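Just so you know, we're using this note's numbering here: the sequence shown kicks off at 392 and counts up by one.
Heads up, the beta-carbon is just placed ideally off N, CA and C, and yes, glycines get one too.
These figures come from a predicted structure and were not determined experimentally.
Notes for the one structure printed next.
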Amino acid sequence: WIAGVVHHADVQRRALERESRRNEERFRLLAHATNDAVWDHDVTNGAVWWNHNIEILTGYAPTDIGRDHSWRLRHVHPEDAECLETLGDSGDSLAREYRFRRADGTYAHVLDRAYVMRDARGKIVRMIGALMDMTERKRAEELQAERTRLAEFEATVSGSLVQAGPLDPMLQRCAEVLGCAPRFVWT
């Protein structure tokens, strides 16, 4: 009877080990399949693990990548630092955008999404997430905004010249479209 119990326990242990190996392999493959920099932050001891994509995203050598949360905080643009200071008191996911300083001194626009795990008292104990490089998308948005602004400017100037109205309203509208104040006024 005891031998049967031991055998059953051994079979269960081996099944759990196989499942654990499959889960580890699944996670490893997922971390390689994405272009995102995947991270795992154990809040209780401060340790942070990054997949290899953090090197691609930031340009830092593996030895330069910190294994604690303060490394990330030191590389966030000063104007964006506030978004990392508060996590919120409820909810199990978060998303935030900020600029992250690369090794070459430039900033990558990133979307940082995470799943938050809490203990029974609601205290955050672990977060796992991914940084997506949004730099090219941001550049495209800025370029489109500039094109729109220039098209508005062109329409304003063309419309004013066709109407042959006074120059002051035309100059005022041009200044508004360009986002600047006129330095002189023609009378």
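Between which residues of its own chain and residue i is the CB-CB distance below 8 Å, once the five residues before and five after are set aside?
i	result
G450	R493, A494 and D495
Mapping DSSP to helix, strand and coil, what is residue i?
i	result
A555	Per-residue confidence for A555 stands at a pLDDT of 49, beneath the threshold of 50, marking its modelled position as unreliable; the derived number appears in the next sentence. Correct three-state label for A555: coil.
D431	strand
A521	strand
I456	coil
A511	coil
H398	helix
To the nearest angstrom, how far is it from the Cα of residue i to the Cα of residue j?
i	j	result
Q563	R487	37 Å
D427	V397	45 Å
E446	E476	24 Å
N442	A400	35 Å
Report yes if the C-beta distance between residue i and residue j is below 8 Å; otherwise report no.
i	j	result
V507	D483	yes
H468	R490	yes
H500	T526	yes
M518	L502	no
T425	A521	yes
E543	V516	no
So, at 7 Å on beta carbons, what are the nonlocal neighbours of residue i in its own chain, with the 5 sequence-adjacent residues on each side left out?
i	result
A438	R458 and D459
*Tell me, please, whether the region 533-542 touches the region 507-520 by the rule of three or more beta-carbon pairs shorter than 8 Å.*
no
*For the region 451-461 against the region 431-439, are there 3 or more C-beta pairs whose distance is under 8 Å?*
yes
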